[in-house]
Every structure is written in structure tokens, then in C-alpha cells.
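Chemist:
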Amino acid sequence: MSARPTLLAAAAIEAGSLFAHAVNTVKMAEGFARNGLNVVFVCLEPAGGPVSPERLNALYGLNAPLDWVMLPANADGTPRGDGMGFAVPALELARAREARIVYARSYVLPALTAREGIPTLVEAHTDPSNARPDFADLLAATHLPGLRRLVTIAPVLARGYAARGAAADRIVVLPDAVDERLFARPAVPPPSPLGPGPNAVYAGHLYDYKGIPAILEAVALRPGIRFHLVGGWPQDVERTRARVEAAGLTNITLHGLRAHAEIPPFLWGADVALLPPSATHPSAAWTSPMKLGEYMMARVPVVATGIPALRHWLSGREAVFCEPDDGAALARAIDEAIAPGAARDGRVAAAHRLAERWTFTRRAAMLLDACAA
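Below, the structure written as C-alpha cells:
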């Protein structure tokens, strides 16, 4: 038994999931481990059975140990879901492991642990209009002494949660973080997987609201630049591939879904990294993508759309902004971002300084301080 205090991190995700919220939660758990805690991570066992810690370390690029506990499906074979079927055994585990703190990316468990008096941190990025009753219960639970902080990623979310009854003084707004040990550019990067440049890289899912239509417009307008889309579920890759082929685009490569640990070399080989979310999706008011910190930590020039959420976190010194949902504007911003000179180098340096403040280790430390206050 470890002599270090135990933190129970919990999310009703399948072990090995590459959904953004899953990666984010796992990396936060690692951030707590880097702060000297013994971290037990409780999640769901995949349908194919347990995943080895070695495999999970490789998928997520972990180098601080987590004690993985995977809850199997219910006895009748039905999924546990993220309600009481997950929360009750997770609470029992917190008791059995004598957890001193709970960090949860769920609605039901943190209300239970807070009522039990276990100091609890909960992460919520959902739309404030979320109509689930258990989300309303979670907001009400922020008034309990045990629920120390509700962590979210944008002021508009914090205001929305408070308007629905959450304790405003328990809400803290922090950007999504970056793993500096994984994404910091090494003195001698490995061979680039991209080939001759200039190379423009987008790393993330291929949903339209992430700005993929604008990227494809920019691809057509800049035949001298090689574009790379790294990520996407298979069905989204195939849908995007069909668009690429229909448009006759030859200067774009779809690399498909990659483990989180496989992303850094794509960024180190890039001349510019793209973050073009659409303004038409509600999340334009609050998104805080992990990829932003990863781009900046990798010391790659960044082009971002000027949606409210990104302008909240960026001053304009760290990236070239462009209009959202406009491929021509994106293409012009790419030209500006990759142009050699003091302006480009200054943006990269400013972005890297900001990324150093956004690490999972620092984010976890801030939450631990808030939990102790």
C-alpha cells in the first residue's frame, strides 16, 4: 500500500478510449500523480476485456503511474452507463482505497462523494442548458462542503452553471491543458512523418463544426502546401475522403485516428498547425481544445479562427486569427503564419510561454490548492 495520499479519478469511459474528454481526464489523472498522489483511475472495461496498463500507458503517452480499475458490464451484460451503475461501485472503491480526494468527470459520483464528506473536484464542460436531472443535482451539490470545486473551461459556462443554481464561488475556470513531457519539441526531433513541406497540420476529429469544410476550401486554394488531417473516427475519415476525391484535391493526406502518444511527431514536422472551429456551433462560445496547448507546446505557428472561446484564451500575440467558416481567410492566415521572420518567431515564442502555464501538472496543482483552501 502506497504511503502517498490516494486520489480517486473517475470517468465512465472505456479504458483506451480516444474521445477528447477521455484523453483529457486520463491526462488530468496523470497530472495529479505528478503532484505526488497515488492515483486510482476507475473507468469502464471495454467489451473486449481489460486493457493492460502497459497498453494504456502507450496509448495515452503516460509516464506517471496510474492504478487502473475497470468496471465490467452489469451481470446481465448491459452497459453500466454513467449513472448509479457506475457511481455506486466507484464510491465503494473510494471508501475501500481510503481516497482523500475524488476527481470526477461525471454527474452522479461527485454528488455522492461530496455528501459523504470526501473532498471532491468535478470537471464539467457541458452546455448549461443540459436537461439531465443528474446534472441539475450536481449543480445543487456544489453547495455541499465536500464539493470543493467545479472546474470548467470558459466564463460563459461558469455563468450558465451559476444561473442554474451552482455555487458561483465554487466554480473555477481553467483552459484545457497540455502534457509538456509528451509535446515539448526535442532538441533533435525524430524523422518527420509528413514529407517535404510546407506542411499544414490539423490534429483532431473530423466533424464539420471543427472547421473541416474550411480546411478543404483552403486545400484547394493553396496547391503548393501539403495539408495533413491527423485523427477522425473511421466513418468520418471515409466521409472526408469522399469529399477530397470529389473535389479532386491531391495535396492532402488523411492519416486517420492515432493514439495520443503518436501525435507529437506530426506537430514537430509541421510548418503551421490549424485550429479552425466553426462559429455556427454552440461550443464556439466555450471550447478550449487540448490541441491548442499541444500546438503551442510543440512550437508550431498556429492559425486559429477568431471565435469567442479562443479569443478569451489568446491575446493575439500567440496565433494568427482568421474569420471562421471561410476557407479563403484560412488560406491567407496560413500564408501569414508560415512567412519567415521576426513576427512568426515572436508568435511561436509567446505561444510556448503560454503553453508552459497550461500543463496538466500545473492545472492539477492549482486544483489541489483550491481543494485544500
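Residue numbering for the sequence shown follows this note's numbering, beginning at 9 and increasing consecutively. Virtual Cβ for every residue (Gly too), placed ideally from N, Cα, C.
1) What's the call for M9, buried or exposed, on a 16-neighbour Cβ count within 10 Å?
2) Roughly how many whole angstroms lie between the Cα atoms of G7 and L262?
3) Using the rule of at least 16 other Cβ atoms within 10 Å of the residue's Cβ for burial, across every protein chain shown, is G256 buried or exposed?
4) I'd like the ranges of any beta strand (DSSP E) spanning at least 3 consecutive residues and lying wholly in the stretch 253-319.
5) Taking 8 Å as the threshold, find out whether the stretch 29-45 comes into contact with the stretch 113-133 through three or more Cβ pairs.
6) Just the C-alpha distance for P441 and M92, rounded to the nearest angstrom, thanks.
7) Would you mind stating whether I179 and L158 have Cβ atoms separated by less than 8 Å?
8) Who are the near neighbours of K299 in its chain, counting only those whose CB is closer than 7 Å to its CB and skipping five residues on each side?
9) Between the Cα of Q243 and the Cα atoms of L229, L265, A222, which residue gives the shortest distance?
10) Given this structure, state the Cα-to-Cα distance separating L362 from S323, to the nearest angstrom.
11) Reducing DSSP to helix, strand and coil, say where D377 ends up.
12) For a test of the three-state rule: what should DSSP assign to M9, helix, strand or coil?
13) Let me know the secondary structure DSSP gives R123 once reduced to three states.
14) Check the C-beta distance from A162 over to W294 and give it rounded, since I have them as a contact under 8 Å.
15) Taking only runs that begin and end inside the stretch 169-207, name each unbroken alpha helix (DSSP H) of 4 or more residues, in chain order.
16) Where does Y111 fall in DSSP's three states?
17) When the Cα atoms are used, what is the spatial distance from I346 to S296?
18) Going by beta-carbon coordinates alone, are F191 and E270 separated by less than 8 Å?
19) Using only CA atoms, which one of A281, G335, D187, E188 lies nearest to V227?
20) Between which two residues does the alpha helix (DSSP H) holding D343 run?
21) Helix, strand or coil, according to DSSP, for Y217 in the structure here?
22) Look up R234 in the DSSP assignment and give the residues it is bridged to.
23) With a floor of 4 residues, list each alpha helix (DSSP H) that falls wholly inside the stretch 15-99, ordered by position along the chain.
24) Between which two residues does the beta strand (DSSP E) harbouring L158 extend?
25) Mapping the DSSP letters down to three states, classify E246 as helix, strand or coil.
26) Look at the Cβ atom of D187, then the Cβ atom of F49, and state whether they are nearer than 8 Å.
27) Kindly confirm or deny that the stretch 141-156 and the stretch 305-318 touch, where touching means at least three C-beta pairs closer than 8 Å.
28) Just list the residues that DSSP pairs V130 with in beta bridges.
29) Are the stretch 166-174 and the stretch 323-333 touching by the rule of at least three beta carbon pairs closer than 8 Å?
30) Say whether the stretch 107-123 touches the stretch 68-80, bearing in mind that this needs 3 or more beta-carbon pairs closer than 8 Å, one atom from each stretch.
31) State the DSSP-derived secondary structure class of T369, mapped to helix, strand or coil.
32) Can you tell me which of R355, D353, A372, V280 puts its alpha carbon nearest to the alpha carbon of D343?
33) State the Cα-Cα distance for the pair M36 and L70, rounded to the nearest angstrom.
34) Would you call R371 buried or exposed, if buried means 16 or more other Cβ atoms sit within 10 Å of its Cβ?
35) Do L182 and M304 have their CB atoms nearer than 8 Å?
Modeler: From the atom records:
1) A caution first: M9 carries a pLDDT of 43, below 50, which makes its placement in the model unreliable, though a value can still be read off. Counting Cβ neighbours within 10 Å, M9 comes out exposed, since fewer than 16 surround it.
2) Since the first residue of the chain shown is 9 and the last is 381, residue 7 is not available in this structure.
3) exposed
4) 260-264, 280-283, 310-313
5) yes
6) Absent from the structure is residue 441, since the part of the chain shown begins at 9 and ends at 381.
7) yes
8) A211, G212, L283
9) L265
10) 10 Å
11) helix
12) Confidence at M9 is low in this model, with a pLDDT of 43, below 50, so its placement is unreliable and the value that follows should be read with caution. Correct three-state label for M9: coil.
13) helix
14) 4 Å
15) 188-191
16) strand
17) 24 Å
18) no
19) G335
20) 335-346
21) helix
22) N207
23) 28-42, 61-68
24) 155-160
25) helix
26) no
27) no
28) A112, L158
29) no
30) no
31) helix
32) V280
33) 11 Å
34) buried
35) no
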